[in-house]
Amino acid sequence: MGFQPSVNEKLVIDGETYTIGEHPNARGVPYGQEGRQGTVYLMNSEHKTRKKAIKVFRAKFVNPSMVYHAKQLAKFRDVVGLAACQRFVVTPQNTAELLMKEPDLLYAVVMPWIDGPTWMDIILNKVRLSKKQSYKAAFALAEILAAMEQRGLAHCDLSAPNLILPMLSEDISNVKSEDYVQLIDLEQIYSTQFERPDYVPAGSPGYAAHNGMPSNEMWSAFSDRFSGAVLLMEMLGSCTDTFVDHAFGESFFAPNEVKSNCERYHQLINAIRPIWGDTVVTLFASAWESEGLTQCPTFGEWLIAISKIKQPGMEESLNAPVITETNSVGNSKKGKGSMDEDLFKQAKEYELIGDYKEAIRIYRSIQSRNLHTSLAKEIEIAINLLETSRKNNKKQKTNSAFFQTIGRLITSRKMKKVTVFASLIIVIGLIGFFSYSFIHSHTKLFTAFKSSTTAKPTQSSSAADPVLESLKKQLAEKNKQIDQLTEQLKQLKKPQSQKTKEVINQLNKDYIEIKRIANLDPQGNSNLEKQTLDASVVYLNHFFDFVKNSFDLDQHFDKQTTLVEGYYFPYIYNDGRNSQLNLQFFKDYKKKF
């Protein structure tokens, strides 16, 4: 049954007596918070002068090496935001008497109890922070992540449930500024001094950018860069109606929206820009559009950007209204000129290196800040000239970049962006058409020339045929790729509700087919067992394709699920017939794990 404590139950750990705390909103219920690897319970010291947390792990996460790992983590307990690194592990050597009574506490971890809501609580309860709270939360998190990054540390599962905000606790008077935000669930933390853990989380929905990401980046010094960028933007946006009204659930973004050109992305940056400026929006855009975690901005860059934000209303009360876009522009005229000047310099630098797309984006940003002015008209002219240069540049590079474009289509994690798909499909189609026209006309000329200059026209014609056939095959392959991309584009345009409805209908059809085959007369039909298996494979493939596409799961998930299926289903079957068969099955199969 596992560890199931009662309120005020006594636990003697390392010579100290603690009692299990009561849930503040449920009388008689122990205060426990369930996480990915186990449950954390509140413990009060004998006279309730101190609070401790005891984390009881689920069976599959119980690991003797936790003792050594705790000693290693303790080195970082003084790093800002990492108070949970201070821990004590329950072992037979130090707490034998308790373990005889509660064996499920073996290798449980005791650490400081941190008061305050999680960031997930803030999102789910639709709590709108004041501008001051929003800024301080983001600044505190940026400080923590920058300090960790400088020490070669990464949390590796940054998400809303793993952030606690003591700054929003009831007793804020006792909270120091360096403790405004705390990280929890530190078991998978990365350090150059640590060995890779047996269990490395693939990231949390709404924050993970692992689709197409190299597996070695999932546990590395760069692992927090994308999820940290999302959390920082959530915190900066938490003082706006947009954030409160449009949050998906436990995170602002839905799992399938991460790194896509979705509506929530534009809603968030448009809400943040007039309040906190363009710099943080630019940093977030770099992370959102990055090809890998190493390309995301460092937390040092985030900390500098947030530190530079001028706070004219930082002394506002908790109920102060959010500054609207109109007011923000009006109140920041003094600093606008210098900011525009900096942005102009950036745009010019991108022009010089030929990155017209980025230059245009920055010019658009300046233009939006100077609407209905002569400057806006001048910028529009500059943008039009850049657009023309960009188109000409594209035409010159089309032939040399063709195969690189195909490679990016196959491997890029940005395949979800509908606009990118559409433009690339059109480019491929046009190139294919003109290539075919060119090949066809030149082959005719080539054949005619050979016929007129040689005494063996038949042989020349036959020599040209393989070349033509090869080119036709290449063209057919390109057309096939276009068809595949067109179908993917069609699927991406569908709303999630429609995808769900379609997969339910498909699975129902698949199941009816399985039943039909399984109930056929064996005398008139051979290999029914194989036919039933094939139909079952179709059902499972449709199901797992839907899961993968909905939650951006990668090839690692495919392999992992196949392994688990291979063990689970035979085991259940054997268990119903002869459970002893599973002993040998386990010995044979465990090597695959």
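Numbering (our numbering) for the sequence shown: 57 to 649.
Glycine is no exception: its CB is placed at the ideal position from the N, C-alpha and C atoms.
query, result
"Using the DSSP secondary-structure output, state which residues sit across from residue 108 in a beta bridge.", "99 and 168"
"Is the distance from the Cβ of residue 349 to the Cβ of residue 273 below 8 Å?", "yes"
"By Cβ distance below 7 Å, which residues in the same chain neighbour residue 328 in space, the five residues on each side in sequence not counted?", "289, 292, 293, 336 and 337"
"Below 6 Å CB to CB, which residues in the same chain sit around residue 79 once its five sequence neighbours on both sides are set aside?", "85 and 87"
"Roughly how many whole angstroms lie between the Cα atoms of residue 235 and residue 137?", "6 Å"
"Leaving aside the five residues before and after residue 130 along the sequence, list all residues of the same chain whose C-beta is less than 8 Å from its C-beta, in chain order.", "141, 142 and 143"
"What's the call for residue 145, buried or exposed, on a 16-neighbour Cβ count within 10 Å?", "buried"
"Could you pull out every residue in the same chain whose Cβ sits closer than 8 Å to the Cβ of residue 584, ignoring the five residues on either side in sequence?", "573, 574, 576 and 578"
"In chain order, what residues of the same chain lie with their CB nearer than 8 Å to the CB of residue 504, ignoring the 5 residues before and after it?", "Residue confidence for residue 504 is low, a pLDDT of 45 falling below 50, so the modelled location carries little weight; the figure read from the coordinates is stated next. So no residue of the chain qualifies."
"For residue 74, which option in 62, 281, 403 and 558 has the closest C-alpha, if you only look at C-alpha atoms?", "62"
"How would you write the range of the alpha helix (DSSP H) that residue 330 sits in, first residue to last?", "319 to 332"
"When you compare the stretch 154 to 167 with the stretch 183 to 199, are there three or more beta-carbon pairs, one atom per stretch, that lie closer than 8 Å?", "no"
"Is residue 231 closer than 8 Å to residue 161 when the C-beta atoms are compared?", "no"
"With H, G and I counted as helix, E and B as strand and the rest as coil, what does DSSP make of residue 93?", "coil"
"Determine the closest residue to residue 279 out of 244, 297, 180 and 365, with distance taken between C-alpha atoms.", "244"
"Per DSSP, which residues does residue 239 bridge with? Please list them.", "219"
"Specify whether the stretch 202 to 213 and the stretch 172 to 185 touch according to this definition: at least 3 beta carbon pairs, one from each stretch, less than 8 Å apart.", "no"
"Comparing alpha-carbon positions, which option in 586, 265, 563 and 250 lies nearest residue 314?", "265"
"If you reduce the DSSP assignment to three classes, tell me which class residue 69 lands in.", "strand"
"In terms of DSSP beta bridges, what is residue 78 paired with?", "86"
"Can you list, in chain order, the residues of its chain with a C-beta nearer than 6 Å to that of residue 139? Leave out the 5 residues immediately preceding and following it.", "168 and 238"
"Measure from the alpha carbon of residue 120 to the alpha carbon of each residue in 532, 179, 364 and 253, then state which is nearest.", "253"
"Flag this pair as yes or no: are the beta carbons of residue 255 and residue 59 separated by less than 8 Å?", "no"
"Note the first and the last residue of the continuous alpha helix (DSSP H) segment covering residue 137.", "No alpha helix (DSSP H) holds residue 137; DSSP gives it neither H nor E."
"Hey, would you say residue 123 sits closer than 8 Å to residue 109, going by beta carbons?", "no"
"Could you pull out every unbroken alpha helix (DSSP H) segment of at least 4 residues lying fully inside the stretch 557 to 599, listed in chain order?", "none"
"Should residue 567 be labelled buried (16 or more other beta-carbon atoms within 10 Å of its own) or exposed?", "exposed"
"Grouping DSSP H, G and I as helix and E and B as strand, with all else coil, what is residue 617?", "helix"
"List the residues that DSSP assigns as beta-bridge partners of residue 174.", "220"
"Beta-carbon within less than 8 Å of residue 555's beta-carbon, same chain only, minus the 5 sequence neighbours each way: which residues are those?", "547, 602, 605 and 606"
"Taking 8 Å as the limit between beta carbons, can you name the residues of its chain near residue 570, skipping five residues before and five after?", "588, 591, 592 and 595"
"When the Cα atoms are used, what is the spatial distance from residue 297 to residue 332?", "15 Å"
"What did DSSP end up calling residue 309 once you bin it into helix, strand or coil?", "coil"
"Report yes if the CB atom of residue 128 is closer than 8 Å to the CB atom of residue 250, and no otherwise.", "yes"
"Considering only their Cβ atoms, is the gap separating residue 363 from residue 352 smaller than 8 Å?", "no"
"Which stretch, first to last residue, makes up the alpha helix (DSSP H) that contains residue 146?", "No alpha helix (DSSP H) holds residue 146; DSSP gives it neither H nor E."
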